[in-house]
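For the protein sequence lines, the chains are A and B, in the order given. Numbers in this note's numbering are just positions in the first sequence, counted from 1, shifted up by 1282. Numbers in this note's numbering are just positions in the second sequence, counted from 1, shifted up by 909. Where is the CB? At the ideal position from N, CA and C, for every residue including glycine. From a predicted model like this one, the values you see are computed outputs, not experimental measurements.
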Amino acid sequence: MTDPLLEVKNLTVHFPTDDGLVKAVDGVSFSLLPGETLGVVGESGSGKSVSFLTVMGLIDTAHAVIEGEIIFQGQDLLTLPADEMRTVRGEKISMIFQDPMTSMHPYYKVGDQIAEAVRVHQKVSKQEAHEQAVEMLRRVGISRPDERADQYPHEFSGGMRQRAMIAMALSLNPDLLIADEPTTALDVTVQAQILDLLDRLKQEFNASIVIVTHDLGVVAEHCDHIQVMYAGRIVEAGDRRDIYYGAHHPYTWGLLSSIPRLNESDEKERLVPIRGLPPSLIFVPPGCAFHPRCPHVFDRCRTEVPELLPADGHHASRCHLSLADKERIFQEEVMARS
Amino acid sequence: MGRYLIRRSLFLILVLFIVSLITFIIFVKLPAGDPARRAAGRTTTEANVEAARHAFGLDKPVYVQYARFAKGLIPWPGLFLNEDVYFSYANFVPVKEEIFARLPVTLTLAVGAAITWLLIGIPIGIISAVRRRSVWDRASMVFALIGVSAPVFWLAYLFLYIFWFKLQLAPSSGIPIGTSVLEAVLQGRFILPWFVLALAFAAFYARMVRGNLIETMGEDYIRTARAKGLSEKRVIYRHGLRAALTPVVTMFGLDLATLLGGAFITETVFNLPGIGQYAVRAIFNNDFPSVMGVTLFAAFFFALANLIVDVAYAFLDPRVRYT
């Protein structure tokens, strides 16, 4: 078995604030193999973005308490000195963000912004870095890349900007690309293009990809593994088939039921929302954090925190329901709809 | 761009006409004594007063009087601030001559102070923003509060007392007769005025740079810059400051232009023969052509600076385009 590219062990990220301790990430463990695509799904405030900003070293340690281990290629990134972490960032791990409109500097040309990333990590001339930037723009499917490189971000459409961001992130051929809500701010048609592009580039660049999203529909076709996060914890993890054809956690059921389906014969069928709001990360509900919103709640859920227990090999969930109940409810309530 | 410049220039002239009209109406409506009678002297004949009135053009209808002044607005040699209208009622010296004689002093004071406040304000603002909530930040913000609050005349006398009277580090105020502005600069006679005038601006700019930079450092593109693996220094100076300092350019242009219209208090306390001093004396003397001349001069600089700042913005921010 190959060694994992990234192994996160018991990661905790807490932000002390005037109102109390915000437990953004609360004991998250997972691993990612080389060449794998991992989908991380959850609502806003589930800790999915913070987890991966921490992997990137982009959480300001002055305002956060970070514990646990982030082992990347055998090194613990959390103990790495700042200047060594900087060489990892961009070169080994890179990241694209949710809103391509605001993620590029408005005052610099797109090509220059890509070339800057190249020049910081490699000893190349300005000319070479520029050529590399143009080549990257071409590879992410931007036509007339040499002209486009000399334009400013505001002259690009949203989808093109996200392509340019991907070009920037892949310009140093990283081993891991973290895409934080890469399609959320884009039109639906463009979303599919960007996800297909990520798939293709993953093969070309031989990289692992993490797609962080709130939309289970987005990760359906593109991820090997999926982990669902809620209130700073992983509540269910498994491969794609496990989640789509046999999810074990009521929260995942809720997410699956709220994906719109266009092939419905019964047009009157409505989406089923998850009732209630995501919990405060300062006053996380006792027991299972999802229990106030869970339709299948029983006494044990209110007092005892469920463990993330594997049902078969790698498919694990954090829920007190018995496996038989989980399978029955999934069939009756989730599969029945689709 | 060309069309834009022409339109803005025409607009500038319009602004000058409006300013001149308002200034003129104030003069007509609020007479602080008859300039003709004052010019004719204490013991004089009615005929002399009438002669003075005719010489000043004050015997003509009001609209003709305004038209004479308005003609001096046209930026054309021979017309601009022409000497048959724009001469001092107090000493008959042409306004143009007086302004241009005083301009080097005001220019030296304003530009020197501007450089001083940029050199003080911007670094303090950067340090405060980068080391937010540190001792440095708090000390800088206390400095900013004092700088903004301290009245210029008080600060001026305080500086003179400490650095000239007590420590004898700086020369006394004023520019001795026969000393050129350049010589006065070399003698250090402008150092105290520069600092006094600059302090309030430096404090204000420090706060502004701090605020802008803190805001910019929270932008998504700063996170992108960090994600690229740039050093924190490069993130701050190349990505953060670039965006944070752009609005400062606007403020700077307008502040400098305002000072070119004269910094009256500083000029008075340090006894510098600048435009501000001249303007205030003209107002006290009810010397209307001088008042009008200085007002228009200041308004012209202000409007011009506005135009320059707006054009400069197109170069600083690629999203801005003029048509």
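Opening and closing residue of the alpha helix (DSSP H) in which residue 1342 of chain A lies: On the first sequence, residue 1342 of chain A is found 60 positions in, with the first residue counted as 1. Looking at the DSSP string, residue 1342 of chain A is not in any alpha helix (DSSP H), and its letter there is neither H nor E.
Member of A:1515, A:1395, A:1618, A:1525 whose CA lies at the smallest distance from the CA of residue 1588 of chain A: Mapped onto the first sequence, residue 1588 of chain A falls at position 306. Nearest option by C-alpha distance: A:1515.
Which listed residue (B:985, B:960, B:996, B:950) has its alpha carbon closest to that of residue 1202 of chain B: Translated into positions along the second sequence, residue 1202 of chain B becomes position 293. Cα-wise, what sits closest to residue 1202 of chain B is B:996.
Integer Cβ distance of residue 1170 of chain B from residue 1018 of chain B, believed to fall under 8 angstroms: Position 261 of the second sequence, counting from 1, holds the residue named residue 1170 of chain B. Position 109 of the second sequence, counting from 1, holds the residue named residue 1018 of chain B. Contact doesn't hold; Cβ gap of about 12 angstroms is too wide.
Member of B:979, B:983, B:986, B:943 whose CA lies at the smallest distance from the CA of residue 968 of chain B: Within the second sequence, the letter at position 59 stands for residue 968 of chain B. Nearest C-alpha to residue 968 of chain B: B:943.
Closer than 9 angstroms to chain B by CB, residue 1372 of chain A: One-based indexing of the first sequence puts residue 1372 of chain A at position 90. Closer than 9 angstroms: yes.
CA nearest to the CA of residue 913 of chain B, picked from B:1217, B:1228, B:947, B:1079: Your numbering for residue 913 of chain B matches position 4 in the second sequence. Nearest option by C-alpha distance: B:1217.
Given residue 869 of chain B as reference, the closest of B:965, B:946, B:952, B:966 once Cα atoms are compared: Because chain B is modelled from 910 through 1232, residue 869 of chain B falls outside the range shown and cannot be assessed.
Proximity test, Cβ basis, 9 angstroms: residue 1196 of chain B and chain A: On the second sequence, residue 1196 of chain B is found 287 positions in, with the first residue counted as 1. Taking Cβ atoms only, chain A never reaches closer than 9 angstroms to residue 1196 of chain B, which makes this a no.
C-alpha gap between residue 1388 of chain A and residue 1446 of chain A, whole angstroms: Working through the first sequence from its first residue, we reach residue 1388 of chain A at position 106. Working through the first sequence from its first residue, we reach residue 1446 of chain A at position 164. Rounded to whole angstroms, residue 1388 of chain A to residue 1446 of chain A spans 13 angstroms at the Cα level.
Backbone CA spacing between residue 922 of chain B and residue 1209 of chain B [nearest angstrom]: Locating residue 922 of chain B in the second sequence gives position 13, where the first residue counts as 1. Locating residue 1209 of chain B in the second sequence gives position 300, where the first residue counts as 1. Those two C-alpha atoms are separated by around 8 angstroms.
Residue 1478 of chain A: CB within 8 angstroms of a non-hydrogen atom of the ligand MG: No copy of the ligand MG appears in this structure; indeed no ligand is present at all.
Proximity winner among A:1303, A:1609, A:1350, A:1417, relative to residue 1309 of chain A (alpha-carbon distances): Translated into the one-based positions of the first sequence, residue 1309 of chain A becomes position 27. Checking every option, the nearest Cα to that of residue 1309 of chain A belongs to A:1350.
Whole-number beta carbon distance between residue 1523 of chain A and residue 1505 of chain A, since they are thought to touch under 8 angstroms: As a first step, residue 1505 of chain A is located in the first sequence; it is residue number 223 there, counting from the start. As a first step, residue 1523 of chain A is located in the first sequence; it is residue number 241 there, counting from the start. That belief does not hold up - the Cβ atoms of residue 1505 of chain A and residue 1523 of chain A are roughly 11 angstroms apart, past 8 angstroms.
CB-CB length for residue 1489 of chain A against residue 1598 of chain A, believed under 8 angstroms: Against the first sequence, residue 1489 of chain A aligns to sequence position 207. Against the first sequence, residue 1598 of chain A aligns to sequence position 316. Contact flag wrong, Cβ pair sits at about 26 angstroms.
Meets three-Cβ-pair contact criterion under 8 angstroms: the segment 1064-1082 of chain B and the segment 1151-1159 of chain B: no
Residue 1441 of chain A vs residue 1469 of chain A beta-carbon contact at 9 angstroms: What you label residue 1441 of chain A is simply residue 159 of the first sequence in a count that begins at 1. What you label residue 1469 of chain A is simply residue 187 of the first sequence in a count that begins at 1. Yes.
Three-state secondary structure assigned by DSSP to residue 1377 of chain A: Looking up residue 1377 of chain A in the first sequence gives position 95. Residue state, collapsed to three classes: strand.
CB-CB length for residue 1101 of chain B against residue 1072 of chain B, believed under 8 angstroms: In the second sequence, residue 1101 of chain B corresponds to position 192, counting from 1. In the second sequence, residue 1072 of chain B corresponds to position 163, counting from 1. Residue 1101 of chain B to residue 1072 of chain B, Cβ: 6 angstroms. Contact.
Environment of residue 1605 of chain A [buried if 16+ CB atoms lie within 10 Å]: Position 323 of the first sequence, counted from the first residue, corresponds to residue 1605 of chain A. Looking at its Cβ environment, which holds fewer than 16 other Cβ atoms inside 10 Å, residue 1605 of chain A is exposed.
Listed by chain order, chain B residues near residue 1385 of chain A by CB distance under 7 angstroms: Working through the first sequence from its first residue, we reach residue 1385 of chain A at position 103. Per Cβ cutoff of 7 angstroms: 1129, 1130, 1133.
Close beta carbons around residue 1205 of chain B, own chain, < 7 angstroms, minus the five adjacent residues each side: As a first step, residue 1205 of chain B must be located in the second sequence, where it is residue number 296. Result list for residue 1205 of chain B: 925, 928, 929, 982, in chain order.
Residue burial classification, residue 1333 of chain A (beta-carbon count within 10 angstroms, cutoff 16): Within the first sequence, the letter at position 51 stands for residue 1333 of chain A. Classification of residue 1333 of chain A: buried, given that the 10 Å Cβ count is 16 or more.
8 angstroms contact criterion, which residue 1501 of chain A and residue 1572 of chain A should meet: CB distance rounded: Residue mapping note: residue 1501 of chain A aligns to position 219 of the first sequence, counting from 1. Residue mapping note: residue 1572 of chain A aligns to position 290 of the first sequence, counting from 1. Their Cβ separation, rounded to whole angstroms, is 20 angstroms, which puts residue 1501 of chain A and residue 1572 of chain A out of contact at 8 angstroms.
Integer-rounded CB distance, given that residue 1496 of chain A should sit under 8 angstroms from residue 1601 of chain A: To locate residue 1601 of chain A, count along the first sequence from 1; it is residue 319. To locate residue 1496 of chain A, count along the first sequence from 1; it is residue 214. About 20 angstroms; that fails the 8 angstroms criterion.
Exposure label - residue 1595 of chain A; buried when at least 16 CB within 10 Å: Numbered from 1 along the first sequence, position 313 holds the residue referred to as residue 1595 of chain A. Flag for residue 1595 of chain A reads exposed.
Rounded separation between residue 1097 of chain B and residue 1080 of chain B - CA only: Counting from one through the second sequence, the residue named residue 1097 of chain B turns up at place 188. Counting from one through the second sequence, the residue named residue 1080 of chain B turns up at place 171. Whole-angstrom Cα-Cα distance: 7 angstroms.
Where residue 1226 of chain B meets chain A, residues with beta-carbon distance less than 9 angstroms: As a first step, residue 1226 of chain B must be located in the second sequence, where it is residue number 317. Simply 1388, 1389.
Segments of 4+ residues assigned as alpha helix (DSSP H) that fall wholly inside the segment 1008-1078 of chain B: 1044-1058, 1061-1068
Classification of residue 1335 of chain A by the beta-carbon crowding that lies within 10 angstroms, buried from 16 upward: Walking along the first sequence from the start, residue 1335 of chain A turns up at place 53. Buried.
Members of the segment 1134-1166 of chain B near chain A, C-beta cut-off 9 angstroms: 1134, 1135, 1136, 1137, 1138, 1139, 1140, 1141, 1143, 1147, 1148, 1151, 1152, 1155
Residue 1538 of chain A (DSSP reduced to helix, strand or coil): Numbered from its first residue, the first sequence carries residue 1538 of chain A at position 256. Three-state result, residue 1538 of chain A: helix.
Residues that residue 1598 of chain A bridges to, as DSSP identifies them: The residue given as residue 1598 of chain A occupies position 316 in the first sequence. Per DSSP, A:1519, A:1592.
Inter-residue CB distance, residue 1498 of chain A and residue 1323 of chain A (contact presumed, cutoff 8 angstroms): To locate residue 1498 of chain A, count along the first sequence from 1; it is residue 216. To locate residue 1323 of chain A, count along the first sequence from 1; it is residue 41. Going by Cβ atoms, the distance from residue 1498 of chain A to residue 1323 of chain A rounds to 5 angstroms, so yes, they are a contact pair.
Given 8 angstroms, three or more beta-carbon pairs between the segment 1412-1420 of chain A and the segment 1347-1367 of chain A: no
7 angstroms Cβ shell around residue 1381 of chain A - same chain, five flanking residues per side excluded: For the purposes of this step, residue 1381 of chain A is identified with residue 99 of the first sequence, where counting begins at 1. The residues are 1467.
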